[in-house]
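What follows is a single structure, written as structure tokens, with notes after it.
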Amino acid sequence: MRKSIFITFIALVGLAGCATVQSVVRSVFPYTATLIIPATNSSSNTFSVSSAARSFDQIFTGQTNNNQISQVRIASARIDAMSPTTQTLGAFKSIKLYLVNGKEQTLVATRTDIAATAGRSIMLDTDNSKLLDDYLKTGTSSIKMEYVLQNNLNVDLSVKVSLSFNVATPTR
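Numbering-wise, the sequence shown is residues -18 to -1, 1 to 154 according to mature numbering (1 follows the signal peptide of the UniProt record, and there is no 0).
And the structure:
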């Protein structure tokens, strides 16, 4: 009798924890996208590139149950130069990142004061006043980057964009 009560208790705790685990996974692991900035001889103009955004749970578990996602806000935004290895992010004058869901988009992060001496990684200023639930529930979000260059780019630049989110714990 005690053994069956114990097993039932463990099963209930396990089931109750599934939504919490999903919430933790979505808030800890970022959405990422690799963007290719084409070589150009035109600085001081605004350009844009976009790519599909994927999260850890979508990539490794095929997770598509997004119904319990609620009260999602941007927590951080980071850009890393991937290739060529000699290129820094000092080539950019400003960057704006948008989360895109079909035809709708919302500005989630910006950086307007990028120094020419910036390294291979920069953090952007985030706007965490917006709820992003609808952008992440579809599972087909993309990241759009608008940018202005300080200098001409002689070769294509590959950058990795990482967006981290805060997700409210599901209520029961």
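Just so it is clear, CB atoms sit at the ideal spot from N, CA and C, and this is done for glycine as well.
Small disclaimer: the values here were computed from a predicted structure and weren't measured.
Cutting at 7 Å between CB atoms, please list the residues of its own chain near Asn133, excluding the five before and the five after it.
Ser25 and Ala73
Can you tell me whether Ala15 is buried or exposed? The criterion is at least 16 other CB atoms within 10 Å of its CB, across all chains shown.
buried
Ala21 versus Ser30 - alpha carbon distance
Using only the alpha carbons, I get a separation of about 13 Å.
Pairwise C-alpha distance: Arg55 and Leu114
Inter-residue distance for Leu114 and Arg55 is about 6 Å (C-alpha atoms, whole angstroms).
Rounded to whole angstroms, what is the Cα-Cα separation between residue 179 and Leu131?
Residue numbering for the chain in the displayed model covers -18 to 154; residue 179 lies beyond these limits and cannot be assessed.
Backbone secondary structure at Asp107 - three-state DSSP
strand
With C-beta atoms as the reference, is Val90 less than 8 Å away from Ser123?
In this structure, Ser123 does not lie closer than 8 Å to Val90 by Cβ.
Residue range of the alpha helix (DSSP H) that Lys78 falls in?
Lys78: not part of any alpha helix (DSSP H); member of the beta strand (DSSP E) spanning Phe74 to Asn83, first to last residue.
At which residues does the beta strand (DSSP E) containing Lys126 begin and terminate?
Ser124 to Leu131
Beta-bridge pairing of Ser140 - partner residues as DSSP gives them
Ile18 and Ser65
When the distance is taken between beta carbons, is Ala57 closer than 8 Å to Ile125?
no
Cα-Cα separation, Ile77 to Thr88
14 Å
Nearest by alpha-carbon distance to Ser52: which of Lys85, Val143, Tyr117 and Met127 is it?
Taking each of Lys85, Val143, Tyr117 and Met127 in turn and checking the Cα distance to Ser52, the smallest one comes out for Tyr117.
Can you look up Leu135 in the DSSP assignment and give me helix, strand or coil?
Note: Leu135 maps to strand in three-state DSSP.
According to the Cβ coordinates, are Thr70 and Arg102 closer than 8 Å?
Going by C-beta atoms, Thr70 is nearer than 8 Å to Arg102.
Coarse secondary structure for Leu145, derived from DSSP in three states:
strand
Which term fits Lys85, buried or exposed, when burial requires 16 or more other beta carbons within 10 angstroms of its beta carbon?
exposed
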